[in-house]
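Worksheet: the structure to be examined is printed underneath.
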């Protein structure tokens, strides 16, 4: 098991559940590092003072919030900690809601919470109760000096903790404006489209679709390292459909 | 309306709908700059060759991939172009699945799709998809390319619009196997009590009830600092210890939760400030405009508020 990112307690009423948090996701996007093309050496990012034109040690760098033109308020570590609040190691689940009622747009990052050293029975109890009710507990979670809204639910036999987007961070659908079509789609068209949707229906299987782009990039790198020429790309121009109904019928044919 | 991030067409069978992509989230975070402590001048990042110890202009910088054997392979823009997916202007719908089958763990960044152009056909085709998918809570799975990277996406109906979300691939979600799942299975009585406690604390999901108090506190800290006030870090809290008797703790929690329910949240208003959480106290301090509230501990907030 990888090292835990955060150790603390989830509390519900007077029940304390010690937990350890682990990242539930990892990006597998191919990452490159910067190199100097002349000699293939690593590029280093160095900090320079823009006024003095000289390199500055990390210890001399502070965080400043711009309040006016070139006017900054510098915040020290303690001051940033003050904004984080004092509940740095407890996620108090204040409310519970139907997990299915939360639109997925609110979920941000996901962590797995494993049982801590003590209170393992309480962990099992919370997990089983959340699983039985299908509810998610909501509370505040402080991580790296920042407070998040968190949702805790049962997932795949463990507790999952999601950081959540706040309501004002989610763009309302109404703000996406476009004019409605002059004529609504006919029932027959909706029925045809529904048939097409049904004909392409399958059960969601996360492992079925691979990151083909990642595979292509890694393949290209391997070929290049072995001195092989790149593969020829395939081309497929998209087709234009003339008439909606005809296109739908052709799709189903 | 914000600027679109991508335009292209949504391809559904043989129907192509010209669409534009918009972000469905906005950033309200307060952003900081790195400054030199001594003179409060901005920090610039400059790129240096590690070997030559000399600054390198951007034109001389390339990308390299580190192989498992430690060797690096330089990858040029042309190399990447050669493997770039061809269909850079189309979102291809491959299949439809049920929304309830996709665990939210797979959803990454949310966007909206809107039809583009003035012609009637595409807008009607967009509307057709909204109606056909919305009725059955179906989600379209497809792929599309944005800024050279190919994404797996889910498209579903949200409030009469097509909402697109980039997805994590199956191997980007870690297995939960190996996570410590705790101790003994609870007894039926314990589980019933825990469920009753959750029921007592349950409400409808209303995202607007939850404010980003971190953002508010940070703004408060910045404002106070600007006025030259001192801000100190809160004292670290003591880790709560696990309760020795789960059943007794459940019973007491349940009694408190149901008691609170009957009093209708009025407990704090009439009575003891000490019963409120620090967050509730902080909110009151905000209403009362108590100076220095963001750096006060719970006890200090109780003391200050009770004096008013």
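Residue numbers (the working numbering), protein chains in the order written: chain R, 61 to 313; chain D, 34 to 341.
Every residue, glycine too, gets a C-beta built ideally from N, C-alpha and C.
Taking the DSSP output, what are the residues bridged to residue 49(D)? 44(D), per the DSSP bridge assignment.
I'd like the ranges of any beta strand (DSSP E) spanning at least 3 consecutive residues and lying wholly in the stretch 138-173 of chain R. 150-152, 155-158, all fully within the stretch 138-173 of chain R.
So, is residue 118(R) buried or exposed, given that buried needs 16 or more other C-beta atoms within 10 angstroms? Exposed is the call here.
Using CA coordinates, which residue listed in 327(D), 323(D), 42(D) is at the minimum distance from residue 339(D)? The candidate whose alpha carbon is nearest that of residue 339(D) is 323(D).
Backbone secondary structure at residue 92(D) - three-state DSSP: Three-state DSSP puts residue 92(D) in a helix.
So, residue 99(R) versus residue 216(D), is the Cβ gap smaller than 9 Å? Between residue 99(R) and residue 216(D), the C-beta gap is not smaller than 9 Å, which leaves the two residues out of contact.
Can you give me the start and stop residues for the alpha helix (DSSP H) that residue 164(D) sits inside? DSSP places residue 164(D) inside the alpha helix (DSSP H), whose first and last residues are 153-167.
Is DSSP giving residue 329(D) helix, strand or coil here? If DSSP states are grouped into helix, strand and coil, residue 329(D) belongs with coil.
Give the interface partners of residue 148(R) over in chain D, defined as CB-CB distance under 7 Å, in chain order. Per Cβ cutoff of 7 Å: 269, 270.
Are the Cβ atoms of residue 135(D) and residue 164(R) separated by less than 9 Å? Cβ atoms of residue 135(D) and residue 164(R): closer than 9 Å.
Residue 129(R) CB to nearest chain D CB: under 9 Å? Taking Cβ atoms only, chain D never reaches closer than 9 Å to residue 129(R), which makes this a no.
Give every residue of the same chain whose Cβ lies closer than 6 Å to the Cβ of residue 143(R), excluding the five residues on either side of it in the sequence, and list them in chain order. Nothing listed; no residue qualifies.
Closer than 8 Å by beta-carbon distance: list the chain D residues that pair up with residue 171(R), in chain order. Taking a Cβ-Cβ cut-off of 8 Å, residue 171(R) has no neighbours in chain D, whose nearest Cβ is about 10 Å from it.
Start and end residues, alpha helix (DSSP H) containing residue 254(D): 246-259 is the extent of the alpha helix (DSSP H) around residue 254(D).
Leaving out five residues before and five after residue 194(R) in sequence, what residues of the same chain have Cβ atoms less than 8 Å from its Cβ? Excluding its 5 nearest sequence neighbours in each direction, residue 194(R) has C-beta neighbours in its own chain below 8 Å: 158, 159, 160, listed in chain order.
Chain D contacts from the stretch 234-258 of chain R (Cβ-Cβ distance under 8 Å): Answer set for the stretch 234-258 of chain R: 234, 235, 236, 237, 238, 239, 240, 241, 242, 243, 244, 245, 249, 250, 253, 254, 256, 257, 258.
For the pair the stretch 216-225 of chain D and the stretch 269-284 of chain D, tell me if three or more CB-CB distances fall below 8 Å. The answer is yes - the stretch 269-284 of chain D touches the stretch 216-225 of chain D, with three or more Cβ pairs under 8 Å.
Looking at C-beta atoms only, is the number of pairs between the stretch 87-101 of chain R and the stretch 109-124 of chain R that lie closer than 8 Å three or more? Using a Cβ-Cβ distance cut-off of 8 Å, the stretch 87-101 of chain R and the stretch 109-124 of chain R are not in contact, since fewer than three pairs of beta carbons, one from each stretch, lie closer than that value.
Residue 199(D) versus 55(D), 245(D), 155(D), 46(D), residue with shortest Cα-Cα distance: Ranking 55(D), 245(D), 155(D), 46(D) by Cα distance to residue 199(D) puts 55(D) first.
Between the stretch 138-157 of chain R and the stretch 183-199 of chain D, can you find at least three pairs of beta-carbon atoms closer than 8 Å? No, because fewer than three Cβ pairs between the stretch 183-199 of chain D and the stretch 138-157 of chain R fall closer than 8 Å, the two stretches do not touch.
Could you tell me which residues DSSP pairs with residue 200(D) in its beta bridges? Answer by DSSP bridge pairing, in chain order: 140(D).
With contact counted as at least three CB pairs below 8 Å, one residue from each stretch, are the stretch 165-175 of chain R and the stretch 80-89 of chain R in contact? Touching, yes.
Members of the stretch 144-156 of chain D that neighbour chain R once the beta carbon cut-off is set at 7 Å: So the close ones are 145, 147, 148, 153, 154, 156.
With 16 other CB atoms within 10 Å as the buried threshold, where does residue 24(D) fall? Limits of chain D in this structure are 34 at one end and 341 at the other, which puts residue 24(D) out of reach.
Roughly how many whole angstroms lie between the Cα atoms of residue 137(R) and residue 68(D)? Rounded to the nearest angstrom, the gap between the Cα atoms of residue 137(R) and residue 68(D) is 14 Å.
Are the C-beta of residue 206(R) and some C-beta of chain D separated by less than 9 Å? With 9 Å as the cut-off, residue 206(R) counts as an interface residue toward chain D.
Please state whether DSSP places residue 210(R) in a helix, a strand or coil. In this structure, DSSP gives residue 210(R) an extended state, which the three-state scheme calls strand.
Could you give the residue range of the beta strand (DSSP E) that holds residue 186(D)? For residue 186(D), the uninterrupted beta strand (DSSP E) segment begins and ends at 182-191.
Where residue 231(D) sits in the DSSP three-state scheme: DSSP places residue 231(D) in helix when its eight states are reduced to three.
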